[in-house]
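Notes follow the structure.
Number of protein chains: 2
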Amino acid sequence: MGEKAVVLVSGGLDSATTLAIACSEGYEAYAISFHYGQRHRVELQAAKRVSERLGVASHIVVDVNLRQIGPSALTSEMEVPKGRSPEEMTRQIPVTYVPARNTIFLSLALAWAETIGARHLFIGVNAVDYSGYPDCRPEFIEAFERVANLGTKLAAEGGRFTIHTPLIGMTKKEIILKGLELGVDFSVTHSCYAPLPLGKPCGLCDSCLLRKRGFQEAGVTDPLLAKWTSRHSD
Amino acid sequence: MGEKAVVLVSGGLDSATTLAIACSEGYEAYAISFHYGQRHRVELQAAKRVSERLGVASHIVVDVNLRQIGPSALTSEMEVPKGRSPEEMTRQIPVTYVPARNTIFLSLALAWAETIGARHLFIGVNAVDYSGYPDCRPEFIEAFERVANLGTKLAAEGGRFTIHTPLIGMTKKEIILKGLELGVDFSVTHSCYAPLPLGKPCGLCDSCLLRKRGFQEAGVTDPLLAKWTSRHSD
Chain W
1198 MGEKAVVLVS
1208 GGLDSATTLA
1218 IACSEGYEAY
1228 AISFHYGQRH
1238 RVELQAAKRV
1248 SERLGVASHI
1258 VVDVNLRQIG
1268 PSALTSEMEV
1278 PKGRSPEEMT
1288 RQIPVTYVPA
1298 RNTIFLSLAL
1308 AWAETIGARH
1318 LFIGVNAVDY
1328 SGYPDCRPEF
1338 IEAFERVANL
1348 GTKLAAEGGR
1358 FTIHTPLIGM
1368 TKKEIILKGL
1378 ELGVDFSVTH
1388 SCYAPLPLGK
1398 PCGLCDSCLL
1408 RKRGFQEAGV
1418 TDPLLAKWTS
1428 RHSD
Chain B
1198 MGEKAVVLVS
1208 GGLDSATTLA
1218 IACSEGYEAY
1228 AISFHYGQRH
1238 RVELQAAKRV
1248 SERLGVASHI
1258 VVDVNLRQIG
1268 PSALTSEMEV
1278 PKGRSPEEMT
1288 RQIPVTYVPA
1298 RNTIFLSLAL
1308 AWAETIGARH
1318 LFIGVNAVDY
1328 SGYPDCRPEF
1338 IEAFERVANL
1348 GTKLAAEGGR
1358 FTIHTPLIGM
1368 TKKEIILKGL
1378 ELGVDFSVTH
1388 SCYAPLPLGK
1398 PCGLCDSCLL
1408 RKRGFQEAGV
1418 TDPLLAKWTS
1428 RHSD
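Chains W and B supply the protein sequences, listed in that same order. Numbered continuously in the working numbering, the first sequence closes out at residue 1431. Numbered continuously in the working numbering, the second sequence closes out at residue 1431.
This is the structure:
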């Protein structure tokens, strides 16, 4: 078994592919997810399924109540924007931005890594086909890695953490093709920010639109949509 | 009213003095504390009292369960070291170290700052009379400030966060004298890592010993101890 790696798994297709990449590179994967007050908490079931399918050593869901800190469209009843164009996504940070979310998630993942003796962290951030969030950029990740290598006991004792972002320069199409190549079952993932009852994707939020375009460009049918369509016609 | 500042308030004497400094510099203070599974959660009552006395605009206690992540002597039944000498404290990071704690706390404080429109954060870290924790060093704080100024919407839109560490170069004696000068009532603070029933300080953990030495060097009686002594003789 290879070195331990903590992988942030939200249950979406980016983190599923990231987890598959970590496994394919020989890491012993420890999946971490967050129950942070998200309205689309159905994603945690997806995170569990994704982690199980890919055979992680352990999967934990950490409670951190970001609703106590303040509103975002992802943690309140505020309306999730629908039907934004790719240009709008690049130009404007949407109301679905959760303040400092990746900083918080990476901090907690770092704490777990230090606890279990893992020196590697994997996060599926992507700076190409994304919603314009500032905490998905390479310079942010580099800065966080520096924090990890200054603010921990392991670092003080001469160790070193590495933060891996295998998707950072990939398009959504490439992420999907990579995931398929590694055998990821995208039918068990969840991307939608504002799911309908039973967890059905809305089809119009940034996350659904980016996913839809990715599958279109990859020339592949999204197995998740196929699943919902077949359910609907049951 | 001055600019808004988020101040991390644990309920100990360092954070009480830090809060008093922020107020004395004219900031409108927003206090944030964390219920993270600490065994000395009596400190949260102290944080509330300290915040009230100093007239903060708001005080929130955020739930983030670090017990889910792994053991530390502060979040489990592991024994808290007692009677360490100042040399031992400088030489060895103790089992009371909670992995990445200040990174996690600063991340959550940053999220709240961004939410309420505060560009200033105050944290009472101290690199002189301290337990040897790596996340109390100036280079760690600088690295985190960089993260804050890359990973947030405010920063992406041209704003800037500043992290203030007014105690970083002060001795415990100086912190106590500064607090007294600013009218801090240290009798409502709490420092002990392993309090006895009713919250009475153990007197022997690193935190109690550093506090004791600080008051001795300042030539002042610790009003908290005086309170417990008078209770005892009731």
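Glycine is no exception: its CB is placed at the ideal position from the N, C-alpha and C atoms.
| query | What residues in the segment 1223-1236 of chain B have a beta carbon less than 7 Å from any beta carbon of chain W? | reply | none
| query | At least one CB of chain B closer than 8 Å to the CB of E1311 of chain W: is that the case? | reply | Residue numbering aside, residue 1311 of chain W sits at position 114 when the first sequence is read from its first letter. Chain B contact via Cβ: present.
| request: Could you confirm whether any beta carbon from chain B is found closer than 8 Å to the beta carbon of D1431 of chain W? | output: In the first sequence, the residue the question calls residue 1431 of chain W occupies position 234. A caution first: D1431 of chain W carries a pLDDT of 49, below 50, which makes its placement in the model unreliable, though a value can still be read off. Chain B contact via Cβ: absent.
| query | So which residues of chain W does G1348 of chain B contact, with C-beta pairs closer than 7 Å? | reply | Against the second sequence, residue 1348 of chain B aligns to sequence position 151. Near G1348 of chain B (Cβ distances below 7 Å), the residues of chain W are A1297, N1299, T1300, P1331, D1332, F1337.
| request: Look at the alpha carbon of P1438 of chain W and the alpha carbon of E1339 of chain B, and state the distance between them as a whole number of angstroms. | output: This structure gives no information on residue 1438 of chain W, because the portion of chain W shown stretches from 1198 to 1431.
| field | Min CB distance V1261 of chain B to chain W below 8 Å | value | Here the question's residue 1261 of chain B lines up with position 64 in the second sequence. Closer than 8 Å: yes.
| task | On the DSSP bridge assignment, give the partners of L1318 of chain W in chain order. | result | Start at 1 with the first residue of the first sequence, and residue 1318 of chain W comes out as number 121. Its beta-bridge partners are W:V1203, W:I1360.
| Enclosing alpha helix (DSSP H) for V1239 of chain W [first to last residue] | In the first sequence, the residue the question calls residue 1239 of chain W occupies position 42. Here the alpha helix (DSSP H) through V1239 of chain W covers 1239-1250.
| message | Short of 8 Å Cβ to Cβ, which residues in the segment 1394-1409 of chain W face chain B? | response | none
| Reference G1199 of chain W; option with closest CA among W:G1208, W:Q1289, W:Y1227 | Taking the first sequence and counting its residues from 1, the one referred to as residue 1199 of chain W is at position 2. Of the listed residues, the one whose Cα sits closest to G1199 of chain W is W:Y1227.
| task | Measure the beta-carbon distance from G1329 of chain W to T1287 of chain W and round it to whole angstroms, keeping in mind my assumption that it falls under 8 Å. | result | Along the first sequence, one-based indexing puts residue 1329 of chain W at 132. Along the first sequence, one-based indexing puts residue 1287 of chain W at 90. Their Cβ separation, rounded to whole angstroms, is 6 Å, which keeps G1329 of chain W and T1287 of chain W in contact under 8 Å.
| query | Is I1218 of chain B helix, strand or coil by DSSP? | reply | Position 21 of the second sequence holds residue 1218 of chain B. Note: I1218 of chain B maps to helix in three-state DSSP.
| query | Can you round the beta-carbon distance between K1241 of chain W and S1248 of chain W to whole angstroms, since I take them to be within the 8 Å contact cut? | reply | Stepping through the first sequence from its first residue, residue 1241 of chain W is reached at position 44. Stepping through the first sequence from its first residue, residue 1248 of chain W is reached at position 51. Just to set this straight, residue 1241 of chain W is Leu in the shown sequence, not Lys. With 8 Å as the limit, L1241 of chain W and S1248 of chain W do not qualify as a contact, their Cβ atoms being about 10 Å apart.
| query | From the beta carbon of T1214 of chain W, is the nearest beta carbon of chain B less than 8 Å away? | reply | For the purposes of this step, residue 1214 of chain W is taken as the residue at position 17 of the first sequence. Chain B, which has no Cβ nearer than 8 Å to the Cβ of T1214 of chain W, makes this no.
| query | Can you name the residues that DSSP bridges to A1228 of chain W? | reply | As a first step, residue 1228 of chain W is located in the first sequence; it is residue number 31 there, counting from the start. Paired residue(s): W:V1204, W:H1256.
| task | Output, in chain order, the set of chain W residues within a Cβ distance shorter than 7 Å of Y1294 of chain B. | result | One-based indexing of the second sequence puts residue 1294 of chain B at position 97. Chain W residues near Y1294 of chain B: K1350.
| request: For D1419 of chain W, count neighbouring C-beta atoms within 10 Å of its own C-beta (all shown protein chains included) and say buried if the count is 16 or more, exposed if not. | output: Mapped onto the first sequence, residue 1419 of chain W falls at position 222. The residue in question, D1419 of chain W, is buried, as its Cβ has 16 or more Cβ neighbours within 10 Å.
| query | Under 8 Å between the Cβ atoms of G1376 of chain W and L1251 of chain W? | reply | In the first sequence, counting from the first residue as 1, residue 1376 of chain W sits at position 179. In the first sequence, counting from the first residue as 1, residue 1251 of chain W sits at position 54. Contact: no.
| said: If distances are taken between C-alpha atoms only, which option among W:G1355, W:I1372, W:I1301 comes closest to L1216 of chain W? | reply: The count along the first sequence starts at 1 and reaches residue 1216 of chain W at position 19. L1216 of chain W has its Cα closest to that of W:I1372, out of W:G1355, W:I1372, W:I1301.
| message | Is L1374 of chain B close to chain W? Criterion is C-beta to C-beta, closer than 8 Å. | response | Position 177 of the second sequence holds residue 1374 of chain B. Output row for L1374 of chain B: interface = no.
| Buried or exposed: which applies to D1403 of chain W, given that a residue is buried once 16 or more other Cβ atoms fall within 10 Å of its Cβ? | Walking along the first sequence from the start, residue 1403 of chain W turns up at place 206. D1403 of chain W is buried by the Cβ-count criterion.
| field | Cα-Cα separation between T1214 of chain W and L1379 of chain W, rounded to whole angstroms | value | Translated into positions along the first sequence, residue 1214 of chain W becomes position 17. Translated into positions along the first sequence, residue 1379 of chain W becomes position 182. The straight-line gap from Cα to Cα measures roughly 8 Å.
| request: Keeping to the same chain, check which residues put their C-beta closer than 7 Å to that of K1397 of chain B; ignore five residues upstream and five downstream. | output: In the second sequence, residue 1397 of chain B corresponds to position 200, counting from 1. W1425.
| How long is the line joining the alpha carbons of E1342 of chain W and S1212 of chain W, rounded to whole angstroms? | By one-based count along the first sequence, residue 1342 of chain W stands at place 145. By one-based count along the first sequence, residue 1212 of chain W stands at place 15. Rounded to whole angstroms, E1342 of chain W to S1212 of chain W spans 19 Å at the Cα level.
| Is the Cβ of F1341 of chain B closer than 8 Å to any Cβ of chain W? | Here residue 1341 of chain B corresponds to residue number 144 of the second sequence, with the count starting at 1. For F1341 of chain B, the answer is yes, since a Cβ of chain W falls inside 8 Å of its Cβ.
| query | Given that a residue counts as buried once 16 or more other Cβ atoms are within 10 Å of its Cβ, and exposed if not, what is S1207 of chain W? | reply | Taking the first residue of the first sequence as position 1, residue 1207 of chain W is located at position 10. Looking at its Cβ environment, which holds 16 or more other Cβ atoms inside 10 Å, S1207 of chain W is buried.
| message | Can you pull the chain B neighbours of G1267 of chain W, defined as C-beta to C-beta under 9 Å? | response | Position 70 of the first sequence, counting from 1, holds the residue named residue 1267 of chain W. Within chain B, the residues near G1267 of chain W are A1308, W1309, E1311, T1312, I1313.
| request: Pair every Cβ in the segment 1308-1321 of chain W with every Cβ in the segment 1264-1280 of chain B, then say whether three or more of these pairs are closer than 8 Å. | output: yes
| field | 4 or more residues per run - each alpha helix (DSSP H) lying fully within the segment 1366-1423 of chain B | value | 1369-1378, 1403-1415
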